[in-house]
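Read the structure below first, then the notes.
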Amino acid sequence: MTVPAIDPLPLNSKIVGMRCIRCQACFPVADYLEGCPACLASSLPSSLVFDYRLAAAGAPFNAREWLVYASDPQLGEGDTPLVELPRLASDVGIARLTAKYEGANPTGSHKDRMSALFIQRAKSAGFPTVAIASSGNAGVSLAAYAAAAGIECVVVTTEKMTDNWRRAIEMHGARLIATSTVDDRWHLIAGKARAGEWYPATNYIIPAVGSNPFGVDGYRAIAFEMFLQWQDAPATDVLVPTSRGDVLWGVARGFHDLRQAGYLTDVPRVHAVEPFPRIERVLSGEDYRTLFSGQTLMTSLGGSTVAYQALDALRMAGGSAVAVNEPAVIEDQRRLALEGLYLELSSASALTGLRSLMKRNVIPAGAHAVLIATSHGYKEEPSFTAPIPIFSG
Ligand SMILES: [Zn+2]
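Take 11 as the starting number for the sequence shown in this note's numbering and just add one per residue.
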């Protein structure tokens, strides 16, 4: 495969502006690092997203023409496989089960979709230094795409980052900085972003907003690809491991856009799977700006905040939120590996979430469910390692 060099590109000509997902106010395309200015002023932080004038059904569907930059893949991101899991479907008791294997992206996670578009923006707008708060996947991904584009990258993490992630980030030439707490990462980035020194890829305010809109836009492609991969047998339910809801929103909005343009009549429900109740509590009436504390081994899904975009996603896609039990996720990580898919623990939670929603009769036995397998497991530090048995004949 030939991989083209990264060049600045014009924005997709179908974009008519940016719109707040909460108050629906419209804004010209620009960098709003803390989301909708009107909602922020009312202490109700909310994301701005791109508004498209999308082609009507009848025209051949081309996923790339629906993204903020209609660019070719930069390091080979996207077009990930949809893996059929018939044996697991039968064990779980569901008609059809597939996994959208995002571990097949260049740095092993869905984050490459965000990094590719975010770096295009950084390059087009002339930002010399990009920054990200990350526990691992997003940091590795941004470091790789920044390296390819010749842009300086700073990854702010905590001392808990595993050696596998750390080595990859350093190999890509990014600067790695640790702070003592997760929240301190955001304080550091806030100061540098407001001073105009760093262009941030992720949220840094509390209450939180979604990640940079140029990057989040790329997650819509997961829905577009699945639409093309299903052919005439669309899924009914999609399960997304979720923290602040970037992927959740992207997938839900992608289906929403396909319906708006007439390509789909019925869209699948998109469900959020969480390591402990956050969105679930908001759906039960708590304020989304509450800090929800909880510990988890699912490092990619940690954090105490809920972003408004997660609620917008579930509203658009008629989905629910489910918190999963950690020992069950550890079992499901093993179960998926026995099907050939070695996923990060955070990703395996999608299967556990499916089991819970079936038990609650939210997802019926006749459903076709898709697990968004956000990341492969090779970068995880094993919690135990038994010695390999020596060959004894
Ligand atoms: Zn607003």
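C-beta: ideal position from N, C-alpha, C; glycine also. Model, not experiment: these values are computed from the prediction.
| Check | Outcome |
| --- | --- |
| C-alpha gap between Ala158 and Val164, whole angstroms | 15 Å |
| Straight-line gap, Leu321 to Pro287 (C-alpha atoms, nearest Å) | 14 Å |
| Beta-bridge partners of Ser119, as assigned by DSSP | Ser385 |
| Separation of Ile340 from Pro399, as counted between CA atoms | 23 Å |
| Range covered by the alpha helix (DSSP H) that runs through Pro96 | Pro96 to Val102 |
| Chain-ordered list of residues that sit, by beta carbon, closer than 7 Å to a heavy atom of ligand 1 | Cys30, Arg32, Cys33, Ala35, Cys46, Ala48, Cys49 and Ser56 |
| Bridge partners - Glu162, DSSP secondary structure assignment | Thr139 |
| At least three beta-carbon pairs within less than 8 Å, the region 239-247 to the region 30-45 | no |
| Reference Arg4; option with closest CA among Glu169, Leu238, Asp276 and Ala233 | The first residue shown for the chain is 11 and the last is 403, placing residue 4 beyond what the model contains. |
| Neighbourhood of Arg185 by C-beta distance below 8 Å, restricted to the same chain and skipping five residues each side | Glu162, Cys163, Val164 and Val165 |
| Simplified DSSP assignment, three categories, for Arg32 | coil |
| Spatial distance of Ala231 from Gly88 (CA atoms) | 8 Å |
| According to DSSP, residues forming a beta bridge with Arg279 | Asp247 |
| Alpha-carbon spacing of Pro14 relative to Ser303, whole angstroms | Unreliable placement is indicated for Pro14, whose pLDDT of 46 sits below 50; no coordinate value is reported for it. |
| Environment of Val380 [buried if 16+ CB atoms lie within 10 Å] | buried |
| Presumed contact (8 Å Cβ cut-off) between Arg123 and Gly228, rounded CB distance | 4 Å |
| Paired residues, beta bridge with Glu284 - DSSP | Ala333 |
| Beta-carbon spacing of Gly255, Ala317 below 9 Å | yes |
| Residue range of the beta strand (DSSP E) that includes Thr419 | Absent from the structure is residue 419, since the part of the chain shown begins at 11 and ends at 403. |
| Cut-off 6 Å between Cβ atoms - residues of its own chain near Thr362, not counting five sequence neighbours on either side | Val334, Ala338, Val339 and Asp342 |
| N- and C-terminal bounds of the beta strand (DSSP E) containing Tyr62 | Leu58 to Tyr62 |
| Met11 classed as buried or exposed, judged by whether at least 16 other C-beta atoms fall within 10 angstroms | Bear in mind that a pLDDT of 44 at Met11, under 50, signals an unreliable position, so the number given afterwards is only what the model happens to contain. Answer is exposed; the Cβ neighbour count stays below 16. |
| Reduced DSSP secondary structure (H/G/I, E/B, other) of Leu353 | strand |
| Cβ-based neighbour list, Gly27, same chain, cut-off 7 Å, excluding 5 preceding and 5 following | Cys36, Phe37, Pro38, Val39 and Asp61 |
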